[in-house]
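Heads up, the thing below is written out as structure tokens.
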Amino acid sequence: MQTTIRSLSIVAALAAAIFAADTSRRAPGFSLTDAKGQEHDLADYRGKVIVLDFMQTACPHCNAFASVLSQIEQKYGDRVAILSIVNPPDTPNTVVSFAMAHKISYPILFDCGQVAYSYLRSPSFDIPHLYLIDPNGAIREDFGYGDATKTIFEGNGLFPHLDALLKK
């Protein structure tokens, strides 16, 4: 009887340890160029919290989110790296116009779909789509645009998530 209880206690402790373990996945690496032809490698931003934004310049929600990203840039400075990624039909011209209209200084990178595909967890990919990556390169948050996440993309709902990652 006592052996059974001890065995169950060990099994319960192991199960608790497994479920308490970090279940986040490593952010897939990439190296992409911006509109100026400068290459950006995700590994170069290691040690910072990364806001990885998949967007399109013609998307109205992406335009609204650009102002939130500017606020993040002002509030957190170099403690948070912002990287936006676009796919066709965006071009260097549309990206430069978008960046100028929103006074963006963070890089907007070009992908032909391979990087977006490597981040997908389901068959659909809402735009904008946002990943928060911790300083060790693990994906901690995954937000697609929708009713439940509207304050993340159009309000101040992202700030508590960033504050929590920066405290770790």
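In case it helps, the working numbering puts the sequence shown at residues 414 to 581.
Quick reminder that beta carbons are idealized off the backbone N, C-alpha and C, glycines included.
The structure presented is a predicted model; accordingly, all values stated were derived computationally and were not measured.
Cβ-based neighbour list, residue i, same chain, cut-off 6 Å, excluding 5 preceding and 5 following
| i | result |
| --- | --- |
| Ala-494 | Tyr-458, Lys-461 and Ile-463 |
| Ile-565 | Phe-556 and Leu-571 |
| Met-513 | none |
| Ala-448 | Pro-505, Val-508 and Val-509 |
In DSSP terms, what residue i is bridged to
| i | result |
| --- | --- |
| Glu-588 | Outside the displayed range of the chain (414 to 581) lies residue 588, so it cannot be described from this structure. |
| Glu-452 | Thr-446 |
| Leu-465 | Leu-496 and Tyr-544 |
| Arg-439 | Ala-551 |
| Phe-566 | Answer by DSSP bridge pairing: none, since Phe-566 is not bridged. |
| Ile-521 | Ser-497 |
CB contact flag (residue i, residue j, <9 Å)
| i | j | result |
| --- | --- | --- |
| Gln-469 | Pro-502 | yes |
Close Cβ partners of residue i (< 8 Å) along its chain, the five nearest in sequence each way excluded
| i | result |
| --- | --- |
| Ser-510 | Thr-470 |
| His-453 | Ser-444, Leu-445, Thr-446, Asp-447, Leu-496, Pro-520 and Leu-522 |
| Arg-590 | In this structure the chain extends from 414 to 581, so residue 590 is not present and cannot be described. |
Pick from the options that is closest to residue i, judged by C-alpha positions
| i | options | result |
| --- | --- | --- |
| Ala-551 | Gly-559, Tyr-532 and Tyr-558 | Tyr-532 |
| Arg-438 | Asp-466, Arg-553, Leu-496 and Lys-563 | Arg-553 |
| Pro-573 | Leu-465, Ile-485 and Ala-561 | Ile-485 |
| Asn-549 | Ser-483, Asn-569, Leu-578 and Asp-466 | Leu-578 |
| Asn-569 | Phe-467, Lys-581 and Leu-482 | Leu-482 |
| Phe-467 | Asp-491, Phe-538, Asp-560 and Leu-455 | Phe-538 |
| Ile-498 | Lys-580, Glu-567, Leu-455 and Asp-560 | Leu-455 |
| Leu-465 | Ala-561, Ala-440 and Gln-451 | Ala-440 |
| Lys-581 | Tyr-530, Arg-492, Thr-562 and Glu-567 | Arg-492 |
Close Cβ partners of residue i (< 7 Å) along its chain, the five nearest in sequence each way excluded
| i | result |
| --- | --- |
| Ala-479 | His-515 and Ile-517 |
| Tyr-489 | Leu-575 |
| Gly-559 | Asp-539 |
Quiz item: Can we say the stretch 517-525 touches the stretch 535-550, given the rule of at least three CB pairs closer than 8 Å?
Solution: no
Practice problem: State whether the stretch 543-562 contacts the stretch 523-530, with contact taken as three or more CB pairs (one from each stretch) at a distance under 8 Å. | Solution: Contact between the stretch 543-562 and the stretch 523-530 is absent, because fewer than three Cβ pairs lie under 8 Å.
Quiz item: At a cut of 8 Å, does the stretch 440-457 reach the stretch 468-486 through at least three beta carbon pairs?
Solution: They do not touch, by the three-pair rule.
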